[in-house]
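Take 0 as the starting number for the sequence shown in numbering that gives the first Met the number 0 and just add one per residue. Just so it is clear, CB atoms sit at the ideal spot from N, CA and C, and this is done for glycine as well. All figures in this text were calculated on a predicted structure; none of them were measured in a lab. I have placed the structure first, in the form of structure tokens, so that the comments after it can refer back to it.
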Amino acid sequence: MIIDFHAHIRMDTLVTPKYWRGWIATSQAASGASEERIGERIGADELVRDMDEAGIDKTVVVGVDLGLCKELDDYKLNWYEYHEPIREALKKYPDRLIGFVGIDPRREKAVELLEMAVREWGMKGVKLHPSAGFYPNDP
0 MIIDFHAHIR MDTLVTPKYW RGWIATSQAA SGASEERIGE RIGADELVRD MDEAGIDKTV
60 VVGVDLGLCK ELDDYKLNWY EYHEPIREAL KKYPDRLIGF VGIDPRREKA VELLEMAVRE
120 WGMKGVKLHP SAGFYPNDP
């Protein structure tokens with residue numbers, strides 16, 4: 000079985016324009032693909048199509064919690080809204096996609112939110128994203 004352990008969906012609508020531009024630039028530098036090509040590959044249907052073409056059996060779809068990031072003052076989505084497209088993708092492709100919830104450990108009630116995401120949403124793991132403004136070894 001082949002598992003892709005790190006993918007995102009709907010990043011264009013889930014992050015701020017500033018973050019999206021940075022993500023596009025990083026993706027272009029890493030892959031050489033055009034912005035249009037990268038933008039085509041953002042939904043669950045496109046991800047599963049790419050998986051089929053590449054012979055990938057399952058993919059871990061990860062969330063990122065940027066809600067407390069000081070650099071993204073224009074970030075408007077709340078934590079639940081951010082995870083909605085991921086939750087919908089998991090419902091549509093339960094045999095192909097594995098969900099990891101994104102959570103900033105500084106978030107109020109982070110442990111309770113993580114437990115709820117595992118118990119109620121079926122998430123299988125957690126994604127910690129230190130570039131949101133914390134270090135993995137912070138208290």
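Cβ neighbour criterion (16 or more within 10 Å) applied to residue i
i             : result
aspartate 103 : buried
methionine 0  : exposed
glycine 37    : It should be pointed out that residue 37 corresponds to isoleucine in this sequence rather than to glycine. Counting Cβ neighbours within 10 Å, isoleucine 37 comes out buried, since at least 16 surround it.
aspartate 64  : buried
glycine 101   : buried
alanine 29    : exposed
glycine 21    : exposed
arginine 99   : In the sequence under discussion, the amino acid at residue 99 is phenylalanine, which differs from the arginine named in the question. Buried, by the Cβ-count rule.
alanine 6     : buried
tyrosine 134  : exposed
alanine 116   : buried
Residue of the options minimising C-alpha distance to residue i
i              : options                       : result
asparagine 136 : Ala28, Arg105, Asn77, Ala6    : Arg105
alanine 43     : Lys17, Gly21, Glu83, Ala131   : Glu83
arginine 48    : Ala109, Arg95, Glu87          : Arg95
glycine 132    : Ala116, Gly66, Lys91, Met122  : Gly66
isoleucine 139 : Met115, Ala88, Glu52          : Residue 139 falls outside the range modelled here, since the chain spans only 0 to 138, and no answer is possible.
tyrosine 92    : Ala109, Val110, Gly121, Glu80 : Gly121
Presumed contact (8 Å Cβ cut-off) between residue i and residue j, rounded CB distance
i             : j             : result
leucine 113   : tryptophan 78 : So it is not a contact: roughly 11 Å between Cβ atoms.
isoleucine 85 : aspartate 3   : The pair is not a contact, with the Cβ atoms about 15 Å apart (cut-off 8 Å).
isoleucine 8  : leucine 46    : 6 Å
heavy atom of the ligand ZN below 8 Å from residue i C-beta
i         : result
valine 47 : Among the components of this structure there are no ligands whatsoever, and the ligand ZN is therefore not found.
Residue ranges of each beta strand (DSSP E) within the stretch 8–87, 3 or longer: Counting only unbroken stretches of 3 or more residues, the beta strand (DSSP E) elements lying wholly within the stretch 8–87 are 57–61, in sequence order.
Meets three-Cβ-pair contact criterion under 8 Å: the stretch 122–136 and the stretch 50–66: yes
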